[in-house]
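Residue numbers (the numbering used here), protein chains in the order written: chain A, 3 to 421; chain B, 362 to 935; chain C, 10 to 332.
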Amino acid sequence: MSETVNTPPSAASLKSIETSQTFFQIVYTQFKEHKAAVLGAYLIVFFMLVAILAPVIEYATGTDSDSQNVFNRYKPPFSKIIAPQDVRENAIQNFIRQNPEESAKIQTSLLEKNLVQPVRPEDALYDWVNLEKSKSIDALHAIETSKKDELIKMVNNFQSFHLFGTDELGRDVLMRLVYGTRVSIGVGILVAIASALIGLIIGSLAGYYGGIIDTVLMRVTDSLLSLPILPVLVVIAAIDLKKVLGGLVSVAQNLFGDTGGNLAQEMVNNIFSGGKESIYKLVFILCLFSWMTVARLIRGSILSLREREFILASKTLGATDLTIIVRHMFPNVVAPLLVSVTLGVGDSILFEAALSYLGLGIQPPMPSWGNMLFNAQELIYQAPFLAVLPGILIFLVVVSFNFLGDGLQDAIDPKTVRR
Amino acid sequence: MKNLTGLLVVAMLVAACTKKDAGQTGEVQAQATTKLTNNELKIGISQEFENFNPLIASMLATTYMQRMVNRTLTVIDADGKWVPQLAKTIPTLENGGAKVIKIGGKEKLQATWELLDNAVWGDGTPVTCDDFSLAVKIASSPNVGVGEKEVYTQVEKIELVDKNPKKCLFTYEKAKWDFYMLGTFYPVPKALEEAVFKKHGTQKEGYEKNSLYSKDPTNVGLFNGPYLISEIQLGDHVTFIPNPKFYGEPAKIKKIIVKLIPNTGTLEANLRSGTIDLISTLGLALDQALAFEKKIKSENLGYQVLFQPSTVYEHIDLNLDNPFLKDVRVRKALNFAINKEDLTNALFEGKQQPALHSITPRDPWFTADPTKVTVYKYNKREAERLLDEAGWKPGADGIRVKDGKRLSFTVMTTAGNKTRELVQVYLQNQWKQVGIEVNAKNEPARVFFGETTKKRAFDSMALFAWVSSPENTPKSTFSSKNIPTAKNGWSGQNYMGWSNAAVDKTLEALDTEMKHEKRIEMVHEVLKAYTDEVPVLPLYYRSDVAVIPNQLKGYRLTGHQFPETNVVELWNLE
Amino acid sequence: MTTYILRRILQTLMVIVILSYVCFSLMTLMPGDPIELMISANPKITQEDVVRLRAFYGLDQPTYVRYYNWVSEIAKGDLGYSRTYRIPVTEMMGPSLKATFILSMGSLLFAIMVGIPLGIYCALKPNSKMDYLVNIFNFGGISIPSFFLGIVLIIIFSVGLGWLPAGGYQTTGMQYSSLWNELVDKAKYLILPILSLSVQSIGRFSRFSRSAMVEAMRNDFIRTARAKGMSEQVVIWKHGFRNALIPLITIVAISFSSVFSGALITESLFAYPGVGRLIYTSIIGNDFNVAMISFIISIAMVLIMNLVADLLYGAADPRISYK
């Protein structure tokens, strides 16, 4: 076809090219050239790390993600909350009540070392607890006590710093965002993989084979696209998974006798402990409703590819259908696939939040970015940061995934390779 | 790098926009509020409304507007007192207007209602006893889908006294003390609707479809209140104009438009941009109202936010079939472990009151007297002591265990209700501190009320509210006869499964007790058992909120089922 | 070709029938039917009452019988009454369908007219400053939920600047002196909803057209065409754009599937009396006649648009043929 006059490469040189650079190496070198894509990839890895390491971050910063402080709601970023005197004195009173002997010891050593100067000696601990944080901890280190850790923790709780402020229950927004990464990134990646896989399979089967396969698969796709989602979701919300699986348990009982039945029952109970049921429903819904656009896009592109010369050529050369689809067609449908999948990431993060309005998402108090964003909408005046922060994170994830997609498209597209 | 600069630009744009916005709202607002006159008042509501047939309409928003155009024999006023509206006086046993009689060995009650002499429909036809008879007749028909039929069917017959069309003798099928409460149904204009019912009443749903309320909803003859409907646009707005034939004080505002703004988040914006002048009680959530009140103060806007404690009672029903909850000590511990004072002060800024039991402070039956009911004040140590006593000892992770089982519950509520979800999380945290694990499981309202509570399918706790009215017998929620079971077709609202023979008996007797003081005594007896046995964890009583322009006079929130539109003719903007 | 179209229309009708049955069953499967809600509101209703009311509303019959009855009514040309509003479905849905149609088509057209040229422009200068800027804007549009954008738009343009109304579809109670006045007044109410509804689609369309166009412009025939000395315009539009069309057709056709659900949020935010909100309330309120008609309209619309898309594939790429 091509009119360019090239000296055909010798078999040996062809061989050297193929061995020196595998497909993945080519993709990798090409990908590295796309700076934004590389940055996006780093960001995604960063978010994944945050998601995995959330408990470590919680421990390292010393901020409890669940601890509430309802009298300090909606504090702006960079807020420092210092516990008032009565809270401190209550805490130490509790401590004294629980550890009367140890308290007496601490009291004497505090007085001995002249670390506090109370009006009356029995108030020594109360005086100590009202000291500034650094001073009270210094004082603790200066004396001997077996309850040191407990007291340091107490003092730490009196003063908390909130980089991103506090939310509607006075919880630390930063920690909520960190934990929210788990759900949001998880949902994003899950949907990206599920929609790509299901969409790719259904779309390519329908597009390549056509005929009755195409008709059936595409009518199913159309049906799912046009199904009214609200009643579907309400019905799913009403389904009691325990009952459904209870049916399976009785089947197991019939097949394997009582031991099998008990084992199955145990498994069912395990699955649903701690309100995990809604998570399974969430995953199911996200997978069910995410792939149709991808499937339609792939099918459209494959319909057109099917009639191209290079496909005809490989067919005449006796390539199997699988080889043709995977080797020759997939690289050519990568552009619409990647755009659709990466755009779907942002949608799914928001969709997850919408689902929790039907009780199908994660259950409180577990946070997700989408949920935090939705909850902030009514109070956008009072605490704009509650909306802006998760919004920015979602934006960053969308940007990262899309640039990653762009980079991959450039790298995989056979038309750009080695050019 | 390019990436970052783009972000910065976006961030700066957003910042610039919000700043600008804050600076300018003041001026725009000042104009919007000063030009209000009696020529027009635009009210914002956030709930859907339906057609105005008073026999069938049941949506809250329709009730809200119905009260502007139609009146009933009696209502409760903003002070919580029963007052006559279409009637001259309320008949009672004391004033001789009502008496208990025996017909065929059964005790019945007869009451004479005398209608206002000058009460007329919008077309000038007098309102007569026949209009009430027709309402009873239509509503009792099997072909009409009326929800609460009992209001009508309890009236056995309506006769004229001395052939006076304005003096009606109602015979009630049971001698119940609260007959005047149930006399709150609306009359239907006989001159217009009787023909429709005769023609289509035999057909299923025939009356509803052909009633003039559906076919010709702006017909002036359909209304007898201070206002008439001049335009209905379903899903958008209703326009009201004063009724020239109105027999009471003439209405002052020349045109009232009730506009539907479905999104509560934009109600405030609509108010500030002048699309509406007032946010009704069917509008803002409490959180939004609290935030808006602060803004009104800081920006000096010409509005005021009204808070009115209402008859809505938020609580958690405990499923008494749950093996852990069978132990009253665990139930009491759950109650002692929640700090309701802090909850209402912190989350509601004191605008909603902590609840003691099911009767709200708006009710003459209310009591907070610790000698009459058991009062649970937050007491963590008492909660811990009770749990220890019940054999629940703290486990390794802080959650209490007994016989290898964790003390774990599931609290369910309606998904998407932000306030309830906040309260839920707050409570989870408090219970965790005494070693009780509580997981959340929320469902859409339809599933929650249509399946979970109705069939008692919640495993331990259900968080929701009861809307009651003053002096309403708690029989439907307390009596063991009203425990929903498959056998009784899941009817009844005793979702706890609470069964107390003494309470059952007292509640039966309450219905026919004619003495006010004795009734109060009986209710307190029931409440004592209720607070002693803790089948329910009371949380708080809700408040109604509305935002009105400062210059509006005569507007009072009621906090009960008869909304502020009851006295719409008194509203004045000048 | 004609037989293909006929066959597809037949298939579409079949799918509509099947899906309408599915929807009908879904509606009956939803917990909390009207009688159940009535019982929970009034504990005094006895078991006999329940039986009577179920029979009254025909709820005692199995789903397929009720479906059959409903279909026979439809076949007779009677779309039935809205149980909530008690007026004929046609009378009620007509105006709101029109309102939603104007809103959705307006924003779809706007999104196509802005999004596709933007995407093509970026594709012709990939990785330029402008490309990044447009992309960032697109990502912003995709990541901001439309309810949020709507609120921000209202705060800026209605509350802050006072330029545009915050909600509604026309000035309430206004008498129009001329058609022109009416149009201007109603248009004012449409600007913000259309804007908030289309920003996301703009991002979407522009992303898809960018990627499709980038891909198309890398084909050998583009180089060939350029080498032949064709003008850049001809190369871009005749050779490049035509080859980028297939994903674009797909994506525009698919965007019809969210016409009603997408409009719901915008309609409630801007108090716009459209059919999206009506459908929502009819589902929540178990108003069968309204909900079913709207399901059928939306199903038919999606199926027909996908049929149109399939036919357009053939026009865009003559190699695609249907037997």
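From the three backbone atoms N, C-alpha and C, an ideal C-beta is built for every residue, glycine too.
All values reported here derive from a predicted model rather than from experimental measurement.
| Item | Value |
| --- | --- |
| Tell me, which residues are paired with aspartate 678 of chain B by DSSP? | B:Ala823 and B:Val897 |
| Hey, quick one: how far does the beta strand (DSSP E) through alanine 459 of chain B stretch, first residue to last? | 459 to 464 |
| What's the call for leucine 900 of chain B, buried or exposed, on a 16-neighbour Cβ count within 10 Å? | buried |
| Just the Cα atoms here: how many angstroms apart are isoleucine 258 of chain C and methionine 226 of chain C? | 18 angstroms |
| For the segment 220 to 244 of chain A, list every residue whose C-beta sits within 8 angstroms of some C-beta in chain C, in sequence order. | Met220, Arg221, Asp224, Ser225, Leu227, Ser228, Leu229, Pro230, Ile231, Leu232, Pro233, Val234, Val236, Val237 and Ala240 |
| Could you compute how far the alpha carbon of lysine 345 of chain C sits from the alpha carbon of arginine 219 of chain C? | Outside the displayed span of chain C (10 to 332) sits residue 345 of chain C, for which this structure offers no information. |
| DSSP state of glycine 405 of chain B, grouped into three classes? | strand |
| On the three-state DSSP scale, how would you describe glutamate 124 of chain A? | helix |
| In chain order, what are the residue ranges of uninterrupted beta strand (DSSP E) at least 3 long that sit wholly in the segment 519 to 566 of chain B? | 525 to 533 |
| Let me check one thing: in DSSP terms, what residues is methionine 773 of chain B bridge-paired to? | B:Lys802 and B:Ala823 |
| Tell me which residue opens and which closes the beta strand (DSSP E) that histidine 718 of chain B is part of. | Run containing histidine 718 of chain B: none; DSSP gives neither H nor E here. |
| For the beta strand (DSSP E) that histidine 598 of chain B lies in, which residues bound it at each end? | 598 to 603 |
| Residues in its own chain within less than 7 angstroms of proline 831 of chain B by CB, not counting five upstream and five downstream? | Ile437, Gly441, Thr672, Arg723, Asp724, Pro725 and His921 |
| Tell me the DSSP bridge mates of tyrosine 902 of chain B? | B:Tyr674 and B:Gln714 |
| Please list the terminal residues of the continuous beta strand (DSSP E) segment that includes lysine 469 of chain B. | 467 to 475 |
| Taking the DSSP output, what are the residues bridged to threonine 636 of chain B? | For threonine 636 of chain B, which the question treats as bridged, DSSP gives no partner whatsoever. |
| From which residue to which residue does the beta strand (DSSP E) around serine 591 of chain B run? | 588 to 594 |
| Hey, does proline 805 of chain B have any beta-carbon neighbour from chain A nearer than 7 angstroms? | yes |
| Tell me whether alanine 262 of chain C counts as near the ligand FAD, meaning its Cβ is closer than 6 angstroms to at least one heavy atom of that ligand. | By its list of ligands, the structure shown contains no ligand whatsoever, and the ligand FAD lies outside what it can speak to. |
| So which of B:Gln791, B:Gly915, B:Ala818 and B:Glu894 has the shortest CA-CA distance to lysine 802 of chain B? | B:Ala818 |
| Look up threonine 168 of chain A in the DSSP assignment and give the residues it is bridged to. | A:Asp174 |
| Please compile the residues from chain C whose C-beta is within a distance smaller than 8 angstroms of the C-beta of proline 503 of chain B. | Arg61 and Phe65 |
| By DSSP, does phenylalanine 939 of chain B sit in helix, in strand, or in coil? | Nothing about residue 939 of chain B can be read from this structure; chain B reaches only from 362 to 935. |
| Could you tell me which chain A residues have their CB closer than 8 angstroms to the CB of threonine 642 of chain B, listed as they occur along the chain? | None at all; the shortest Cβ gap to chain A is about 17 angstroms. |
| Output yes if chain C places a C-beta closer than 7 angstroms to the C-beta of arginine 633 of chain B; else output no. | yes |
| Pull up the distance between the alpha-carbon of isoleucine 640 of chain B and that of valine 251 of chain A, whole angstroms please. | 54 angstroms |
| Within its chain, find whatever has a CB closer than 6 angstroms to the CB of glycine 348 of chain A; leave out the 5 residues flanking it on each side and keep chain order. | Val400 |
| Helix, strand or coil for alanine 907 of chain B, going by three-state DSSP, please let me know. | strand |
| Keeping to the same chain, check which residues put their C-beta closer than 6 angstroms to that of proline 78 of chain A; ignore five residues upstream and five downstream. | Gly167 |
| Quick one: which chain B residues come within Cβ less than 9 angstroms of arginine 301 of chain A? | Per Cβ cutoff of 9 angstroms: no residues; arginine 301 of chain A is ~34 angstroms from chain B at best. |
| Would you call glycine 150 of chain C buried or exposed, if buried means 16 or more other Cβ atoms sit within 10 Å of its Cβ? | buried |
| Give the DSSP bridge partners of lysine 763 of chain B, in chain order. | B:Lys766 |
| Please classify proline 100 of chain C as buried or exposed, where buried requires at least 16 other C-beta atoms within 10 Å of its C-beta. | The question names proline, but residue 100 of chain C in the sequence shown is glutamate. That one is exposed. |
| Within 10 Å of its beta-carbon, does proline 366 of chain A have 16 or more other beta-carbons around it, so buried, or fewer, so exposed? | buried |
| Could you name the residues of chain A that valine 24 of chain C contacts, counting a contact when the two beta carbons are closer than 8 angstroms? | Arg221, Asp224 and Ser225 |
| In the DSSP assignment, find the alpha helix (DSSP H) that holds isoleucine 844 of chain B and state where it starts and stops. | Premise fails: isoleucine 844 of chain B is in no alpha helix (DSSP H) and is neither H nor E. |
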